[in-house]
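Asker: For the sequence shown, my numbering assigns the number 544 to the last residue and increments by one with no breaks.
Cβ coordinates follow ideal geometry from the N, Cα and C atoms, glycine included.
Predicted model only: the values in this text are computed from it and were never measured.
Input: one structure, supplied below.
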Amino acid sequence: MRAALAPGIRLLRALPRDSRYRGLTLVLTFLSYTSYHLSRKPISIVKSQLHPNCSALGPNPHNDSNSTTWCSWAPFDGDNYKELFGALDNAFLVAYAIGMFISGIFGERLPLRYYLSGGMVLSGLFTALFGLGYFWNIHVLWYFIVVQVCNGLVQTTGWPAVVACVGNWFGKGKRGLIMGIWNSHTSVGNILGSLIAGAWVSSAWGLSFIVPGIIITIVGIICFFFLVEYPEDVDCNPPLHHTAADEDPGGVTTSEKDPEAVISNEGPLSLSGQSSVDHSNSPKEPAEEPEAISFLGALRIPGVVEFSLCLLFAKLVSYTFLYWLPLYIVNVAHFGAKEAGDLSTLFDVGGILGGIFAGLVSDYTGGRATTCCMMLVVAAPMLFLYNHVGQNGIGTSIAMLIICGALVNGPYALITTAVSADLGTHESLKGNAKALSTVTAIIDGTGSVAPCSCGGQRGPWLVWLHGKAERVRSCHPGVAPGATVPELGVSAAPEGCLLPLAVAAASSRGHREAVCPMSRSCGH
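Here you go:
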């Protein structure tokens, strides 16, 4: 007796052919960027082990005179360990910011599958090399700096490539929701990276880097064998990014006459991203390969510069939490290294919820900028509030981390995914140029400048300032702890002013976007 066909196979056969490939693209790109962030996270977990509180571990078994740092890993065993940690982060972020502007240009001109999989294998190599410093007993700062610089450069291959792949398969309708859910790979990667690194941080911290390096290498090999860059490559229908019917001769957009048109410019959408309208007459392959857009040409696309400046501030806050939140929790809340790593994942849990919420609201309202503006304006006071009530108990800390993560990472996710894809397929291009990778790289590269700007590295500089404040507080008990978080609230405030600039500039060039209601309070 032969068994019935497996339910999963029946489901796959019931799905349209295009839907299967779209789903495969979403899953592969999701796993790809999950592994990218998984490989970036260990350093924030391991910092507390490179310079732990040795006095809490008992007497020095080596009977050295330096009893307070006997368990630290040289060269991070001195009083300047925070500056050295900042140098490690700065090495990665500066290389990442510079490399990102170049990466988009290469990504537009090279096969995305080769570019992405090659970058993932190299990222795995340099991530593992950092961990091998533990087993090779390396105590030279420049070794870790060089590895961080190389890793920062090769990590830039990821984001432009995955956004371009998803943008090639999905049109504008409901792009915000789909990419909001898909963008949870950032937070999922941070969470998995924290948990994996935390498993070995106290025993053999080198494995906290080597295991993520192996994971990203394996995922890169899988992408090399299975990723499909364009629908035309497998005879699927390409999505519609915009239609000529979006604007009538009177200058009124379809979406202004019918709000539902904002999410239905391709017709009713299913999970596949396909329109119910018959596109059978659409050509399977373009007659001519579009020319890759130049860097300056991408800058002239309406909204690119303005949203890039907005991300400058959003990424500052997000990456400072990424690199320093576990250490902040250890020093302020006095948790152990593993517990602090686990607790820091709640910020990323909030980021998942915030990204989905931002995408859903922006699709429903048609206003990407308005959605980001409102969430960022609320984020600034919430960061101040976290500083005052986050230490009142574990329940309060959990709630505030989730809320702050949603408000900070939600707009960050929307700008780097749906907004980047919208601008990379902007109607002003008229299909004559490929711009997805370049636009994505410009926006994300500009955002990456923020954590390593303002005198070298503002995020770690704020943590250094917090360390100074803690020394003052030890002599003056009236000084409140946790000076870093309010400073981040101040950093978040300008974002609400930059988004109306994006709206105004885009509107003046004929690019429809909802007007931010906060524009007047931001000085406009």
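Grab the span of the alpha helix (DSSP H) containing Tyr432 for me, first residue to last.
Answerer: In the sequence shown, residue 432 corresponds to position 412, counting from 1. Start and end: Ile414 to Leu434.
Asker: Would a C-beta distance cut-off of 8 Å place Trp179 and Thr445 closer than the cut-off?
Answerer: Numbered from 1 along the sequence shown, position 159 holds the residue referred to as residue 179. Numbered from 1 along the sequence shown, position 425 holds the residue referred to as residue 445. No, they are not a contact pair.
Asker: Grab me the residues of Trp220's own chain with a C-beta within less than 6 Å of its C-beta, minus the 5 sequence neighbours each way, in chain order.
Answerer: On the sequence shown, residue 220 is found 200 positions in, with the first residue counted as 1. So the list reads Leu227 and Ser228, once near-sequence residues are dropped.
Asker: I'd like the span of the alpha helix (DSSP H) that includes Glu128, first residue to last.
Answerer: The count along the sequence shown starts at 1 and reaches residue 128 at position 108. Start and end: Tyr101 to Arg129.
Asker: Taking Leu255 as the reference, which of Val469, Arg195, Arg33 and Arg42 has the closest Cα?
Answerer: Position 235 of the sequence shown, counted from the first residue, corresponds to residue 255. One point to set straight first is that residue 255 is Asp, not Leu, in the sequence displayed. Closest by alpha carbon: Arg42.
Asker: Identify, in the order they occur along the chain, each residue of the same chain with its Cβ nearer than 7 Å to the Cβ of Phe150, setting aside the five sequence neighbours on each side.
Answerer: Within the sequence shown, residue 150 is the residue found at index 130, counting from 1. The answer, listed in chain order, is Phe164, Val167 and Phe229.
Asker: Please tell me whether Gly233 and Ala115 are closer than 8 Å, where the distance is taken between their beta carbons.
Answerer: Residue numbering aside, residue 233 sits at position 213 when the sequence shown is read from its first letter. Residue numbering aside, residue 115 sits at position 95 when the sequence shown is read from its first letter. No, they are not a contact pair.
Asker: Our contact map puts Ser204 next to Lys61 with C-beta atoms below 8 Å; I'd like the distance itself, whole angstroms only.
Answerer: Position 184 of the sequence shown holds residue 204. Position 41 of the sequence shown holds residue 61. Their Cβ separation, rounded to whole angstroms, is 15 Å, which puts Ser204 and Lys61 out of contact at 8 Å.
Asker: For a test of the three-state rule: what should DSSP assign to Trp156, helix, strand or coil?
Answerer: Reading the sequence shown from its first residue, position 136 is the one you call residue 156. Coil, per DSSP.
Asker: Find the nearest neighbour of Arg133 within the set Cys185, Thr416, Ile462 and Ser143, judged by alpha-carbon distance.
Answerer: Counting from one through the sequence shown, the residue named residue 133 turns up at place 113. For the residues Cys185, Thr416, Ile462 and Ser143, the minimum Cα distance to Arg133 belongs to Cys185.
Asker: Among the residues of its own chain, which have a CB less than 8 Å from the CB of Ser494, if the five just before and after it don't count?
Answerer: Counting from 1 along the sequence shown, the entry for residue 494 is found at position 474. Interpretation of Ser494 is limited by its pLDDT of 45, a score under 50 that renders its predicted location unreliable; the figure taken from the coordinates is listed afterwards. None.
Asker: Exposed or buried, what is Asp383 when buried is set at 16 or more other beta-carbons lying within 10 Å of its beta-carbon?
Answerer: For the purposes of this step, residue 383 is taken as residue 363 along the sequence shown, with counting starting at 1. Under this definition Asp383 is a buried residue.
Asker: In whole angstroms, what is the alpha-carbon distance linking Pro251 and Leu161?
Answerer: Residue 251 sits at position 231 when you count from the first residue of the sequence shown. Residue 161 sits at position 141 when you count from the first residue of the sequence shown. Computed Cα separation, rounded: 47 Å.
Asker: Give me, in chain order, the residues of the same chain whose beta-carbon lies closer than 7 Å to that of Met402; leave out the 5 immediate sequence neighbours on both sides.
Answerer: Looking up residue 402 in the sequence shown gives position 382. So the list reads Ile423, Cys424 and Leu427, once near-sequence residues are dropped.
Asker: Please identify the residue among Asn407, Val324, Ser137 and Leu342 whose C-alpha is closest to the C-alpha of Ile235.
Answerer: By 1-based counting over the sequence shown, the position of residue 235 is 215. That would be Ser137, whose Cα lies nearest to the Cα of Ile235.
Asker: Whose C-beta lies closer than 8 Å to the C-beta of Ser92 among residues of the same chain, with five residues either side of it excluded?
Answerer: Within the sequence shown, numbered from 1, the residue matching residue 92 stands at position 72. Within the same chain, Ser92 has close Cβ partners Leu70, His71, Pro72, Cys74 and Tyr101.
Asker: In whole angstroms, what is the alpha-carbon distance linking Ile322 and Ala181?
Answerer: Start at 1 with the first residue of the sequence shown, and residue 322 comes out as number 302. Start at 1 with the first residue of the sequence shown, and residue 181 comes out as number 161. Note that residue 322 is Pro in the sequence shown here, rather than Ile. Between Pro322 and Ala181, the C-alpha separation is close to 22 Å.
Asker: Report the option in Arg195, Thr391, Ser52 and Gly361 whose CA atom is closest to the CA atom of Gly374.
Answerer: The residue labelled residue 374 in the question sits at position 354 within the sequence shown. Nearest of Arg195, Thr391, Ser52 and Gly361 to Gly374, Cα basis: Thr391.
Asker: Whose C-beta lies closer than 6 Å to the C-beta of Phe341 among residues of the same chain, with five residues either side of it excluded?
Answerer: Reading the sequence shown from its first residue, position 321 is the one you call residue 341. Phe367.
Asker: Roughly how many whole angstroms lie between the Cα atoms of Asp109 and His159?
Answerer: By one-based count along the sequence shown, residue 109 stands at place 89. By one-based count along the sequence shown, residue 159 stands at place 139. Roughly 17 Å between the two C-alpha positions.
Asker: Report the residue from Leu336, Val409, Val381 and Leu46 whose alpha carbon sits nearest the alpha carbon of Tyr432.
Answerer: Looking up residue 432 in the sequence shown gives position 412. Checked all of Leu336, Val409, Val381 and Leu46; the closest Cα to Tyr432 is Leu336.
Asker: DSSP three-state label for Val221, please.
Answerer: What you label residue 221 is simply residue 201 of the sequence shown in a count that begins at 1. It is coil, neither helix nor strand.
Asker: Look up Ala455 in the DSSP assignment and say whether it is helix, strand or coil.
Answerer: For the purposes of this step, residue 455 is taken as residue 435 along the sequence shown, with counting starting at 1. DSSP places Ala455 in coil when its eight states are reduced to three.
Asker: By the three-class DSSP mapping on this structure, what secondary structure does Thr340 have?
Answerer: Taking the first residue of the sequence shown as position 1, residue 340 is located at position 320. Thr340 falls in the helix class under three-state DSSP.
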